[in-house]
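First residue of the sequence shown? That's 1 in the UniProt record's numbering, and the numbers climb one at a time after it.
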Amino acid sequence: MERFGIFETVRVESGKPVLIDYHYSRLRRSSFFLDIPLKLSREEFDRVLVEGAPHGTKLVRFTLYKRGNFEISVRDCKKRKFVSLFPVYSVRRSYSILSEHKTIDIMDSLTAIDEAKRFGYDEALLFDEKGFVSETAFANIFFFKDGILFTPSLMCGCLRGTRREFIRDICKEMGLPIVEGFFKLKDVLNADEVFITSSREDTCLVNKIGSYRIKIPKGEPISERIKKVILRLHSLN
Numbered sequence: 001m002e003r004f005g006i007f008e009t010v011r012v013e014s015g016k017p018v019l020i021d022y023h024y025s026r027l028r029r030s031s032f033f034l035d036i037p038l039k040l041s042r043e044e045f046d047r048v049l050v051e052g053a054p055h056g057t058k059l060v061r062f063t064l065y066k067r068g069n070f071e072i073s074v075r076d077c078k079k080r081k082f083v084s085l086f087p088v089y090s091v092r093r094s095y096s097i098l099s100e101h102k103t104i105d106i107m108d109s110l111t112a113i114d115e116a117k118r119f120g121y122d123e124a125l126l127f128d129e130k131g132f133v134s135e136t137a138f139a140n141i142f143f144f145k146d147g148i149l150f151t152p153s154l155m156c157g158c159l160r161g162t163r164r165e166f167i168r169d170i171c172k173e174m175g176l177p178i179v180e181g182f183f184k185l186k187d188v189l190n191a192d193e194v195f196i197t198s199s200r201e202d203t204c205l206v207n208k209i210g211s212y213r214i215k216i217p218k219g220e221p222i223s224e225r226i227k228k229v230i231l232r233l234h235s236l237n
């Protein structure tokens, strides 16, 4: 088994990869940084993904190994309306030269989510060594308060997620202030809206963190507005 590599998990809907430019950009950046040869152009990457999932809605994992060889695996994409988060302190995130890259070493994330699921939760909420919120085991986290969108800094050890990057890019277009920073759990619990972002469903509202019930916004949530922008772009491509 090869132990050195990077991967992308891309949602493919009706034969079209969602936000493929963001996935390919991260793949290129990581392959260059880690000296892993990427022999596929953006168009070839697209073709490989579609060949793996020509119909329906699937999650396609593209794994690129040190020698430049790759493999794909496909699974059903089961979208959720809400997720519950369990704070996990046995696994800590930390910023390093690797934390921004999606490497195949995910044992810490698997350990964290196993703990969360044992207690009946969907995902694990993770923190850095100083106790600041970082991300979940397999998603970035955002919260909305008083008209401002907040997300943890990359210095908290979170992944440079594709949806995280997309949201940063469109916030100005949406007239939405965004702050990347260092936040404690209480900051998240006091928010008007909390959501996670991933390839699985783009954005997904958080309705519970530990024993604390999170407010569900009245009217259209910010997360839903962002999701609609992504789906509109997908339909145009």
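All C-beta atoms in this analysis are idealised placements derived from N, C-alpha and C, irrespective of residue type, glycine included.
For residue i: DSSP bridge partner residues
{"i": "Ala-139", "result": "Thr-136"}
{"i": "Ser-198", "result": "Asp-202"}
{"i": "Leu-149", "result": "Phe-144 and Ile-178"}
{"i": "Ile-170", "result": "Ile-170 is not bridged to any residue."}
{"i": "Phe-4", "result": "None; Phe-4 has no bridge partner."}
{"i": "residue 293", "result": "Residue 293 is absent from the model: the chain starts at 1 and stops at 237."}
{"i": "Val-50", "result": "Val-50 is not bridged to any residue."}
{"i": "Thr-9", "result": "Arg-61"}
{"i": "Lys-16", "result": "Glu-13"}
{"i": "Glu-193", "result": "Phe-144"}
Collapsed DSSP secondary structure at residue i in the structure displayed
{"i": "Lys-186", "result": "helix"}
{"i": "residue 298", "result": "Because the chain in this structure spans residues 1 to 237, residue 298 falls outside the shown range and cannot be described."}
{"i": "Phe-127", "result": "strand"}
{"i": "Tyr-212", "result": "strand"}
{"i": "Ile-106", "result": "coil"}
{"i": "Tyr-24", "result": "helix"}
{"i": "Glu-224", "result": "helix"}
{"i": "Ile-72", "result": "strand"}
{"i": "Glu-115", "result": "helix"}
{"i": "Leu-85", "result": "strand"}
{"i": "Glu-100", "result": "coil"}
Integer Cβ distance of residue i from residue j, believed to fall under 8 Å
{"i": "Glu-8", "j": "His-23", "result": "5 Å"}
{"i": "Leu-64", "j": "Ser-31", "result": "6 Å"}
{"i": "Lys-58", "j": "Val-12", "result": "5 Å"}
{"i": "Val-74", "j": "Gly-52", "result": "5 Å"}
{"i": "Val-188", "j": "Ile-170", "result": "Not confirmed; about 22 Å, so no contact."}
{"i": "Arg-26", "j": "Thr-162", "result": "6 Å"}
{"i": "Arg-93", "j": "Phe-142", "result": "In fact, because the Cβ distance is near 16 Å, the residues do not count as touching under 8 Å."}
{"i": "Pro-177", "j": "Ile-222", "result": "Contact flag wrong, Cβ pair sits at about 11 Å."}
{"i": "Leu-38", "j": "Arg-28", "result": "6 Å"}
{"i": "Phe-195", "j": "Val-206", "result": "6 Å"}
Outcome for residue i when other beta-carbon atoms lying within 10 angstroms are tallied against a minimum of 16
{"i": "Pro-152", "result": "buried"}
{"i": "Glu-193", "result": "buried"}
{"i": "Val-88", "result": "buried"}
{"i": "Phe-144", "result": "buried"}
{"i": "Arg-225", "result": "exposed"}
{"i": "Leu-110", "result": "exposed"}
{"i": "Lys-102", "result": "buried"}
{"i": "Phe-138", "result": "buried"}
{"i": "Arg-67", "result": "exposed"}
{"i": "Asp-76", "result": "exposed"}
{"i": "Leu-231", "result": "exposed"}
{"i": "Asn-140", "result": "buried"}
{"i": "Asp-105", "result": "exposed"}
{"i": "Glu-123", "result": "buried"}
{"i": "Gly-15", "result": "exposed"}
{"i": "Arg-80", "result": "exposed"}
{"i": "Phe-119", "result": "exposed"}
{"i": "Gly-175", "result": "exposed"}
Residue-chain proximity (residue i, chain D), Cβ-Cβ < 8 Å
{"i": "Thr-151", "result": "The structure shown contains no chain D; it is built from a single protein chain."}
At least three beta-carbon pairs within less than 8 Å, the region 123-140 to the region 172-187: yes
Touching by the beta-carbon criterion (3+ pairs, under 8 Å), the region 147-167 and the region 206-218: no
Inter-stretch contact at 8 Å, needing at least 3 Cβ pairs: the region 33-52 / the region 62-81: Yes, they touch.
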